[in-house]
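Engineer: Mapping of the sequence shown onto mature numbering (1 follows the signal peptide of the UniProt record, and there is no 0): residues -30 to -1, 1 to 231, in sequence order.
Got a structure for you, written out below as C-alpha cells; questions coming shortly.
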Amino acid sequence: MDQRPSRGAALLPLLRLLWLLPYSWPGSVAHSLAWREDLQNHTFRHTVFCQEGSPSMGLSESYDEDLLFSFDFAKSTRVPRLPEFADWAEDRSDAPAIAFDKEFCEAMVQQLDPVFDGKIPVSRGFPVPEVFTLKPLEFGKPNTLVCFVSNLFPPKLTVNWQHNSDPVEGAGPTYISAISGLSFQAFSYLNFTPEPYDLFTCLATHEIDGFTAIAYWVPHNALPSDLLENVLCGLAFGLGVLGIIVGAVLIVYFRRPCSGD
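Take a look at the structure:
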C-alpha cells in the first residue's frame, strides 16, 4: 500500500502552539482546570480548489477562519501570510500528497465540466472589499494597506490598486482562502508611506461576471508625527513656565503690604 504522509502532519506543532496561545499566562492549578472546562472547538481547514479561470489552482490552510498559508504551485512551496509562520512554511514533507490533490482536482474538472455545463445553475456571491492599514497610521512612516474581500464565490478574483486615480504597480499577490459555508475570502497587500492627502482605491473584479466592487481609503485618526509631538511638548512646556511666572507675580503682588492713606 502506498504510504503517503498525511496532509497537515507537519503542522501539528503549529496547531499545538495556536491552541495554547490564549492560555500562555501563568496561573494556579485551579485556574488551569477552570479554563479546561471552558474549552471551545477550533477548526484547521486545508482546502484545495481548481477551476477554469484565475487562479486556476489554489490551496489554503486556515485556523478558525484566519489564513495561515497559501501555496505557490509554481515553486511547490507554502507562502506564509505572516512572517511568524515562515519556519513552518519550509516543511515540504507533504508535497507528494499536495501533488496528488492537484492532479485529482484537475482531472475532476476536465471530466465533470463538459457533463454539467449549462445544466447546473452557477452560484455566485458579490465580493465586498474593505481597506485598512496593517499598523497604526503615522504620516511619513512605512505601512501596509490591506484590501480584505469577503463574500467571494467562486474564487475567480482580480485585485487592482489605484493611488489618486492612477494605477499602482508593485502590489503583493492576492491570497485566497476558504471559510465555512463553502465561501472564500481574499487578501491583497500594498506597501506604502502615507501622506495627508492620499486617496487609495481597491478594485476587486469578480471574473465570472465582470462585476467590480470598489473600496476607498483616505487617512484619518493618524498618530501625531515626531515633529508635531515636539511642537506640542514645547508649547506645553512654555505654557507651564508662563503659568509659574504669572503665579509667582500674583503671589508677590497680593502679599505686598498695603500703604496707608
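Yeah, the Cβ is synthetic: ideal placement off N, Cα and C, and Gly gets one too.
1. Thinking just about the alpha-carbon of each residue, which of C117, P84, D87 is nearest to the one in E100?
2. Would you report the Cα separation of G213 and Y186, rounded to the nearest angstrom?
3. Would you decide whether R51 is buried or exposed? Buried here means 16 or more other CB atoms lie within 10 Å of its CB.
4. Under three-state DSSP, which class holds L29?
5. Could you tell me whether the stretch 138 to 158 touches the stretch 16 to 36, using the rule of 3 or more Cβ pairs below 8 Å?
6. If distances are taken between C-alpha atoms only, which option among H190, C20, N113, M27 comes closest to L160?
7. Closest by CA to F19, which one among W131, R62, V79, P106?
8. Scan the stretch 142 to 218 and note each continuous alpha helix (DSSP H) run of 4 residues or more that stays entirely inside, going in chain order.
9. In the DSSP assignment, find the beta strand (DSSP E) that holds D61 and state where it starts and stops.
10. Leaving aside the five residues before and after G142 along the sequence, list all residues of the same chain whose C-beta is less than 6 Å from its C-beta, in chain order.
11. On the premise that R94 lies in contact with P125, defined as a C-beta separation below 8 Å, what is that separation, rounded to the nearest angstrom?
12. Assign Q132 to one of three DSSP states: helix, strand, or coil.
13. Note down the Cα distance separating R62 from T182, rounded to an integer number of angstroms.
14. Within the same chain, show all residues whose beta-carbon is closer than 6 Å to that of S40, passing over the 5 residues directly before and after it, in chain order.
15. Output the distance between the C-alpha atoms of H176 and E76, rounded to the nearest integer angstrom.
16. Taking the alpha-carbon positions, what's the I184 to H16 distance?
17. Decide if V188 is buried, meaning its Cβ has at least 16 other Cβ atoms within 10 Å, or exposed.
18. So, are the CB atoms of V119 and P97 less than 8 Å apart?
19. Report the rounded CA-to-CA distance for F70 versus G110, giving the unit in angstroms.
20. From S135 to L169, what does the alpha carbon distance come to, in whole angstroms?
21. According to the neighbour-count rule (16 or more other Cβ atoms, all chains shown, within 10 Å of its Cβ), is G208 buried or exposed?
22. When burial is assigned at 16 or more other CB atoms within 10 Å of the CB, is D57 buried or exposed?
23. If I measure Cβ to Cβ from K105 and keep anything under 8 Å in the same chain, skipping five residues before and after, which residues do I get?
24. Quick check: what's the CA-CA separation for L107 versus E165?
25. Whose C-alpha, out of M27, A44, A174, is nearest the C-alpha of K72?
26. Quick one: which unbroken beta strand (DSSP E) runs of 3-plus residues sit fully inside the stretch 36 to 119? Chain order, please.
27. Provide the residue span of the beta strand (DSSP E) that contains H16, from first to last.
Structural biologist: According to the structure shown:
1. C117
2. 46 Å
3. buried
4. strand
5. yes
6. N113
7. V79
8. none
9. Element bounds for D61: n/a, residue is neither H nor E.
10. Y159
11. P125 to R94, Cβ: 11 Å. No contact.
12. strand
13. 37 Å
14. S30, V49, Y145
15. 22 Å
16. 29 Å
17. exposed
18. yes
19. 48 Å
20. 8 Å
21. exposed
22. exposed
23. N113, T114
24. 10 Å
25. M27
26. 36 to 42, 47 to 50, 98 to 103
27. 14 to 20
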